[in-house]
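A.B. asks:
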Amino acid sequence: MAPEGAVPEAGRQTGAVMRRQRVGGVEWLVPSGAPPWLFLAFTTRRGGVSRGPWAELNLGRSTADEPARVEANRQRVLAAAGPEWQWVAMPRMVHGAAVAVARAGEPWAPGRGPEADALVTTDPGVLLWATFADCVPVFLWGSATASRRGVALAHAGWRGTLAGVAPAAARALAEALGTGPERLHALIGPSIGPCCFEVDEPVLESLGRRLPWAEEVLSPSPRGAGYRHWDLWETNRRLLVEAGLDPRHVAVAGLCTACDTETFFSHRASGGRTGRMAGLIGIRPGAPAS
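Count the sequence shown with our numbering and you get residues 74 to 363, in order.
In structure tokens form, the structure reads like this:
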């Protein structure tokens, strides 16, 4: 177990963006320098009760792990997040670009969340939650005034990236706040990096049709013709900047889940038999106005 502190650099040399933290036995990563009103965390695979390929902190209900262990892990994470949250918003993810708004007084019934790959809230006490195992977590937050704040969480796999889920979440958050996207901040969290994300011709064709600068986020693959490595981090960063975010406000954790399977679950590195991490973001209830 690595000591609490800076995360070892993996993929790109940007490890200072997030740091390790242990709360109640759960290990997660939190952003460096976040405002005091913001709660943001990305779990690792450490600190849970699951075994085998799902060890330890598997949070994915869609995996072949024992459901009781998954629920025990989820309760550990929620306990670490604190008791102040009114409810936890979890969408039914479909690898698209739909955005759902979560409101404090309108909780979804368990398992009845909307089909969406991005969530937005401007209400304190609503904790946004999505699970990941290589797909890109995109965290967004901003303030229109000292008391008017908002957060968003996008699940950007390669399909969601091409569909534009990250900029859709940014636009929805800016609209909810009644401000411009230049007031927003974003963090692209741990996910499969350009070092490991290889794609084939059908995906490359889709990418080329969607993005005029596709060649700038591709690199050669050791497998040769017909395969390339795709930089999902830079793609989502550029899409957010195109949507109006200030480039200085978009951070990339640069942590590859496929490179570091001791810390993270990775669908690709494991051949699909693995667990899920969770991304969580919310507005802390009772946080100071500054």
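Idealized CB from N, CA, C, for every residue including glycine. Fair warning: this is a prediction, and the values are worked out from it, not measured in the lab.
#1: Measure from the alpha carbon of Ala171 to the alpha carbon of each residue in Ser292, Gly299, Thr347 and Ala236, then state which is nearest.
#2: So Met166 and Asp196 are supposed to be a Cβ contact under 8 Å. How far apart are they, rounded?
#3: Please classify Ala152: is it buried, with 16 or more other beta-carbons within 10 angstroms of its beta-carbon, or exposed?
#4: Is Ser294 helix, strand or coil by DSSP?
#5: Since I believe Val150 is in contact with Thr116 (beta carbons under 8 Å), could you give me their beta-carbon distance rounded to a whole number of angstroms?
#6: Flag this pair as yes or no: are the beta carbons of Leu353 and Leu200 separated by less than 8 Å?
#7: State yes or no: is the C-beta of His258 within less than 8 Å of the C-beta of Trp286?
#8: Thinking C-beta only, is Arg341 closer than 8 Å to Asn131?
#9: According to the neighbour-count rule (16 or more other Cβ atoms, all chains shown, within 10 Å of its Cβ), is Ala137 buried or exposed?
#10: DSSP three-state label for Arg134, please.
#11: Take Ala79 and list the residues in its own chain whose beta-carbon comes closer than 8 Å to its own, dropping the five residues that flank it on each side.
#12: Around the C-beta of Ala175, are 16 or more other C-beta atoms found within 10 angstroms, so that it is buried, or is it exposed?
#13: Quick one: Cα of Arg142 to Cα of Ser123, how far?
#14: Take Thr308 and list the residues in its own chain whose beta-carbon comes closer than 8 Å to its own, dropping the five residues that flank it on each side.
#15: Secondary structure at Glu139, three-state DSSP: helix, strand or coil?
#16: Quick check: what's the CA-CA separation for Glu188 versus Pro164?
#17: Classify Ala83 as buried or exposed, calling it buried when 16 or more other Cβ atoms lie within 10 Å of its own Cβ.
C.D. replies: On the basis of the coordinates in this document:
#1: Selected option, being the one with the closest Cα: Ala236.
#2: Going by Cβ atoms, the distance from Met166 to Asp196 rounds to 21 Å, so no, they are not a contact pair.
#3: Classification of Ala152: exposed, given that the 10 Å Cβ count is below 16.
#4: In the structure shown, Ser294 sits in coil (DSSP, three-state: anything other than H, G, I, E or B).
#5: Correct: roughly 6 Å between the Cβ atoms.
#6: Note that the C-beta distance between Leu353 and Leu200 is below 8 Å.
#7: For His258 and Trp286, no; Cβs fall outside 8 Å.
#8: The answer is no: Cβ separation not under 8 Å.
#9: It is exposed - the Cβ of Ala137 has fewer than 16 other Cβ atoms within 10 Å.
#10: In the structure shown, Arg134 sits in coil (DSSP, three-state: anything other than H, G, I, E or B).
#11: Residue placement at Ala79 cannot be trusted, given a pLDDT of 36 that sits under 50; the coordinates are not used to answer.
#12: By the 10 Å Cβ count, Ala175 comes out buried.
#13: Taking the straight line joining both Cα atoms gives about 6 Å.
#14: Cβ neighbours of Thr308 beyond the five flanking positions: Thr234, Leu284 and Val290.
#15: The DSSP-derived three-state label of Glu139 is coil.
#16: Near 6 Å, if we compare the C-alpha coordinates of Pro164 and Glu188.
#17: Its pLDDT being 36, under 50, Ala83 is placed unreliably by the model, and the measurement read from it follows with that caveat. Around the beta carbon of Ala83, a 10 Å sphere encloses 16 or more other beta carbons of the protein chains shown; the residue is thus reported as buried.
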